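When the letters of the sequence shown are read in order and numbered with numbering that gives the first Met the number 0, they come out as residues 0 to 153.
The C-beta atom is built at its ideal place from N, Cα and C for all residues, glycine as well.
From a predicted model like this one, the values you see are computed outputs, not experimental measurements.
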Amino acid sequence: MNMREIFVGLKQDEDNYPPFTHEHLQAEFVEPSRYRILAAPAFAESMAVGDVVATKNHDGHEWVSHVVKNSDHGLFRVVVRDDNLDREHVVKVFNSMGCNAVLTSFGIITIDVPPTVDAEHVLQELNAGFDEGDWDFEVPVRPLGLEPPHDDED
0 MNMREIFVGL KQDEDNYPPF THEHLQAEFV EPSRYRILAA PAFAESMAVG
50 DVVATKNHDG HEWVSHVVKN SDHGLFRVVV RDDNLDREHV VKVFNSMGCN
100 AVLTSFGIIT IDVPPTVDAE HVLQELNAGF DEGDWDFEVP VRPLGLEPPH
150 DDED
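Here it is, written out as structure tokens:
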């Protein structure tokens with residue numbers, strides 16, 4: 000496998016979040032200017048593990064321009080709110096469901112949801128932890144088979 004580090008530019012909000020202007024991602028070379036994402040992004044939006052992205056070379060680095068092929072993997076990100084909750088335990092819970100959960104050096108837990116995993120079950124666990132005040136979470140890439148949220152406000 001021809002692995003390479005590629006870069007994704009990040010848009011910061013008015014509070015300068017995320018705290019970086021770019022993110023490094025491990026990727027596999029597919030063909031010139033095409034790479035497959037190998038690890039879940041901690042900050043980059045709209046891409047998940049297995050997605051093939053187009054890149055442009057700038058100053059010797061490959062920078063992601065867009066996703067060219069979705070992998071059907073989903074991505075959840077969790078930030079633990081309860082300081083008494085063992086983050087490694089949270090990772091183990093989601094790994095036991097068939098996901099690939101990782102505690103990043105930023106304190107964010109990324110949860111890669113392959114298409115073979117029951118994403119609805121993962122979402123139920125995430126919602127239960129949210130309701131208990133254990134964590135906040137977001138869904139940057141909706142997993143295959145997960146229904147979009149319903150708006151009750153019309």
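Separation of K10 from G65, as counted between CA atoms | In the sequence as presented, Gly is not what sits at residue 65; that position holds His. If you take the alpha carbons of H65 and K10, they lie about 14 Å apart.
Q. Which value, in whole angstroms, describes the spacing of the CA atoms of S32 and F6?
A. 12 Å
Exercise. Of all the CB atoms in chain B, is at least one closer than 8 Å to the CB of E131?
Worked result: No chain B appears in this structure, which consists of one protein chain only.
Per DSSP, which residues does G73 bridge with? Please list them.
V112
Query raised in the report: Do the CB positions of L74 and A118 come within less than 8 Å of each other?
Result: no
Item to check | Proximity winner among N99, N1 and M96, relative to F28 (alpha-carbon distances) | outcome: N1
### Task
Would you grab the beta carbon distance between R80 and G8 for me? Rounded to a whole angstrom, and I think it's under 8 Å.
R80 to G8, Cβ: 29 Å. No contact.
### Proximity of M46 and V140 at Cβ, strictly below 8 Å
yes
Mapping DSSP to helix, strand and coil, what is L125?
helix
| said: Just to confirm before moving on: does the CB-CB distance between V48 and H72 stay below 8 Å? | reply: yes
Whole-angstrom C-beta distance between D111 and C98, which should lie under 8 Å: 6 Å
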